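Here the sequence shown stands for residues 2 to 702, numbered as in my numbering.
Even glycine gets a Cβ: it sits at the ideal position worked out from N, Cα and C.
The structure displayed is predicted, hence computed values, not measured ones.
Inspection log for the structure reproduced underneath, given as structure tokens.
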Amino acid sequence: MRPNALDPLFAPLSALSGVGPRMAQLFARLLDAPSGDARVIDLLFHLPHSGIDRRARPTIAQAEPGAVVTLDVTVTEHRPPPPGRSRAPFRVVVEDETGDVTLAFFNMTQARLDKMLPLGAKRLVSGKIELWDGHRQMVHPDRILAADEADTLPPVEPVYGLTEGLSARYVARIAAGALERLPSLPEWQDAAWIRAQGFPAFDAALRTLHHPLDMAPFAPEAPARRRLAYDELLATQLALALMRAQGRRRTGRSLAIDGHLADAIRSHLPFALTASQEKAVADIRADLTSPHRMVRLLQGDVGSGKTVVALLAMASAAEAGRQAALMAPTEILARQHHARLAPLAAAAGIEVGLLTGRDKGAERAKTIARLASGEMNLVVGTHALFQEGVTFQDLGFAVIDEQHRFGVHQRFALGRKGDAVDLLVMTATPIPRSLVLSYFGDMDVSILSEKPAGRKPIDTRALPLDRLDEVVDGIGRALKQGARVYWVCPLVAESETLDVAAVEERHAMLQQFFGDRVGLLHGKMAGRDKDAAMGAFQRGETRILVATTVIEVGVDVPEATIMVIEHAERFGLAQLHQLRGRVGRGAERSSCLLLYKAPLGEVAKARLGVIRETEDGFRIAEEDLKLRGEGEILGTRQSGAPDFKLARVDQDADLVAAARDDARLILEKDPKLTGPRGEALRFLLYLFERDEAIRLLRGAG
Ligand code: ADP
Ligand code: MG
């Protein structure tokens, strides 16, 4: 139902000239396209995080070493590398009336240089000036232009986050093509607010960022970026407000819950619930029995025991004869949940189905049939749960685990599988308290504020990587005492293939010491192999699990007590916290070793310091914001941040609050978005793919 005007933006990138199948694949990776095909809009929303200023045009004498400059020069000399020293650079001397500069080229043939920089030619060369042996030089200028091409040099070149195989200039060229497809759209923001903020129009803002004329658009407070951030925030807040309004209008069903199933499960738990688990269970029961539709966030740090709360709530729904589903973000996690919950539920006489992308054939068909007929009450799965073809007889309650892994629209989609579905979303993402409501709209919140009793603090240490031998010795001793160990391998920037190479190498090395007690788990493995690796570790057949960050989310093996994180300096704070949270789950003492490559940069040092100092997820989140504010590269995806592409948690907190008020006022005045601004706002919702919110408007939610 998307307006046709937006079609060019949702076309695949391969529709742009210059994007063949290979490049399309790289873009899909860069832009994290879920369907495997990145679209024009995805690239437009991939904002450059800074720019290279090519406007500085000093004379050679004025050019400051260290600066990027554009020089107007004449080529005076070619100096090929001396014979027999092919590794030495080819040097080209260029001059203006104030002096000369040597341009250095490695691995370049005379023929190419003769063409690019013929003797006597006038050229514009742009790049970074350096001092070498007291003489000015420029190694591989970024740009070399003939005099008649001078006006093709952009004043400022945008710098994009990249992935292997995509160059900055190529991405900039394709982004320019993407900009040409921008339709002119009605203004959806309030005129007075735009004026007050000095915001440009939506399309102008995108042009300013992708085609910068100066460096101003890259300042944190730049109106162009803030405008786009506000658009994204308003779309989100509006979608949340619509969902909320819908929930109120279309009252939920009040469930008759007598507690017999939940009580039966409880009596089989090997532990007593913590006070905050009890409180959360009671909150949810109250929601389920009330005639209002529930939308509740269950927030609890890693290891605080969210899963059992979900199970008891699902049992309550089943008591009232309705179905309940739990959706997890990964296959591994879905299987683990199923393996844990099914026996507990069975003790109360209820069956739990499993439905993931990998379950196929007769088994899958049977599960789907039993869900449709209502024979099966509870089901655990991945996003396969809300795909077409899966229907419920009467879905009444949906739980979404690790919600930050899902987009807003996915959260909505599960809700549509039933009538007035009560929704519980669970997250360990430690979002600072002050921001929770802003990011999740007017949800009710339950917080698991304490860890289950008997947990011991995790002994966290940082060690330089060159002490790996000692670490291996220590692991050897621990294994003799029966320990189980996670060994997480480095994230190699933006290359999954390299990640896998690193993890396989470490696996092979540890096998030399510990033989077949060492298991391996990474994202590129086939699903069955992943299960087998996880299962072997869970059962204790393997004792060390060498893994990539696939184990970051949710994996629960209470017997594991040692977490080794290699190249800890490459991980963000939220990720380190999540990883460490995989241990310290049982009664045994646990430890976490952060192996880092020395020397540490300032931010990395501070990060490791925070992790060593505290296990409090909230504190870690707050420190994270501070550190990020102080200089982490913009534009990198933070595993701790909710799913925003344009808005930034640290810099746009004020806009979040404004968007929330704005959304409320909009819906008060125009609840169906049918006025002129309402019509324009529909474009906004489609642009940010809050389509589900529009479905709600039509009463189909
Ligand atoms: P998370 O909140 O990170 O999802 P889990 O639900 O995976 O945490 O629970 C972590 C571990 O703590 C599990 O092994 C679970 O069985 C256990 N657990 C949960 N609640 C309690 C409790 N009240 N007392 C003791 N152990 C508990
Ligand atoms: Mg969990």
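Do residue j and residue i have their beta-carbon atoms positioned less than 7 Å apart in this structure?
| i | j | result |
| --- | --- | --- |
| R590 | K457 | yes |
| R507 | C490 | yes |
| F393 | G419 | yes |
| R544 | R571 | no |
| T549 | V504 | yes |
| S255 | T290 | yes |
| G455 | A588 | yes |
| A329 | H338 | yes |
| G520 | E332 | no |
| D302 | A484 | no |
| A306 | P453 | Per the sequence shown, the amino acid found at residue 306 is Gly instead of Ala. Going by C-beta atoms, G306 is nearer than 7 Å to P453. |
| L466 | L210 | no |
| V76 | L120 | yes |
| L27 | G166 | yes |
| L313 | A263 | yes |
| A206 | A225 | yes |
| V547 | W488 | yes |
| L234 | A648 | yes |
| D625 | A575 | yes |
| V381 | A349 | no |
| M377 | E352 | yes |
Pull up the distance between the alpha-carbon of residue i and that of residue j, whole angstroms please.
| i | j | result |
| --- | --- | --- |
| L425 | T357 | 20 Å |
| L154 | R55 | 8 Å |
| K673 | P184 | 25 Å |
| D83 | G524 | Before going further, note that residue 83 is Pro rather than Asp in the sequence given. Using only the alpha carbons, I get a separation of about 48 Å. |
| A704 | M535 | Coverage of the chain is limited to positions 2 through 702, which leaves residue 704 absent and any answer about it impossible. |
| L682 | E542 | 57 Å |
| L327 | P156 | 52 Å |
| Q652 | P221 | 7 Å |
| L522 | G516 | 16 Å |
| S168 | A179 | 16 Å |
| A494 | L32 | A caution first: A494 carries a pLDDT of 49, below 50, which makes its placement in the model unreliable, though a value can still be read off. Their Cα atoms are separated by approximately 15 Å. |
| G585 | I459 | 6 Å |
| L379 | R691 | 28 Å |
| F684 | A479 | 59 Å |
| R359 | M526 | 13 Å |
| A16 | R182 | 11 Å |
| G573 | R608 | 8 Å |
| D259 | R286 | 10 Å |
| A12 | A25 | 12 Å |
| A502 | M2 | 45 Å |
| E150 | M117 | 13 Å |
| A325 | G21 | 44 Å |
| G602 | D8 | 45 Å |
| L688 | K481 | 57 Å |
| L656 | G19 | 37 Å |
| M295 | F514 | 53 Å |
| F107 | R88 | 7 Å |
| P344 | M510 | 38 Å |
| D43 | A34 | 8 Å |
| H384 | G390 | 13 Å |
Kindly provide the ranges of any beta strand (DSSP E) runs that are 3 or more residues long and lie completely inside the region 268-302, ordered along the chain.
As summarised for the region 268-302, the continuous beta strand (DSSP E) elements at least 3 residues long and confined to that stretch are 296-301, given in chain order.
Per the contact definition of three or more C-beta pairs closer than 8 Å, is the region 144-164 in contact with the region 125-133?
Inter-segment contact for the region 125-133 and the region 144-164 is present: three or more beta-carbon pairs are separated by less than 8 Å.
Hey, is the region 563-580 in contact with the region 445-453, meaning 3+ C-beta pairs nearer than 8 Å?
The region 563-580 makes no contact with the region 445-453; the number of CB pairs closer than 8 Å stays below 3.
I want to know whether the region 382-400 touches the region 309-320 - three or more CB-CB distances under 8 Å.
Flag = yes, the region 382-400 and the region 309-320 touch.
Could you pull out every unbroken alpha helix (DSSP H) segment of at least 4 residues lying fully inside the region 146-221, listed in chain order?
For secondary structure counted as the alpha helix (DSSP H) over 4 or more consecutive residues, the region 146-221 holds these complete runs in sequence order: 169-181, 192-198 and 203-211.
Cβ contact (3+ pairs, closer than 8 Å) linking the region 264-279 and the region 591-600
Three or more Cβ pairs closer than 8 Å define a contact, and the region 264-279 falls short of that threshold against the region 591-600.
Are there three or more Cβ pairs, one per stretch, closer than 8 Å when the region 41-56 is compared with the region 208-228?
With three or more CB-CB distances shorter than 8 Å, the region 41-56 counts as touching the region 208-228.
Inside the region 309-376 only - beta strand (DSSP E) runs reaching at least 3 residues:
The beta strand (DSSP E) runs lying completely inside the region 309-376 and spanning 3 residues or more are 324-328 and 353-356, given in chain order.
Quick check for students: name the residue ranges of the beta strand (DSSP E) that lie wholly in the region 567-629, counting only runs of 3 or more.
As far as the region 567-629 is concerned, its whole beta strand (DSSP E) runs of at least 3 residues are 592-597.
Do the region 79-99 and the region 30-41 meet, that is, are 3 or more Cβ pairs less than 8 Å apart?
Touching, no.
For the 8 Å Cβ check, are there 3 or more pairs between the region 99-111 and the region 162-174?
Segments in contact, no.
Residue ranges of each beta strand (DSSP E) run of no fewer than 3 residues wholly in the region 462-514, ordered along the chain?
Fully enclosed beta strand (DSSP E) runs of 3 or longer: 485-489.
Sufficient close CB pairs (3 or more, under 8 Å) joining the region 201-213 to the region 605-619:
Segments in contact, no.
Decide yes or no for the touch test of the region 63-73 against the region 659-668: beta carbon pairs closer than 8 Å, at least 3 of them.
Cβ pair count under 8 Å is below three, so no.
Can you list the beta strand (DSSP E) stretches of 3 or more residues lying completely in the region 48-128, in chain order?
Along the length of the region 48-128, whole beta strand (DSSP E) runs at least 3 residues long occupy 51-54, 69-80, 91-97 and 100-106, reported in chain order.
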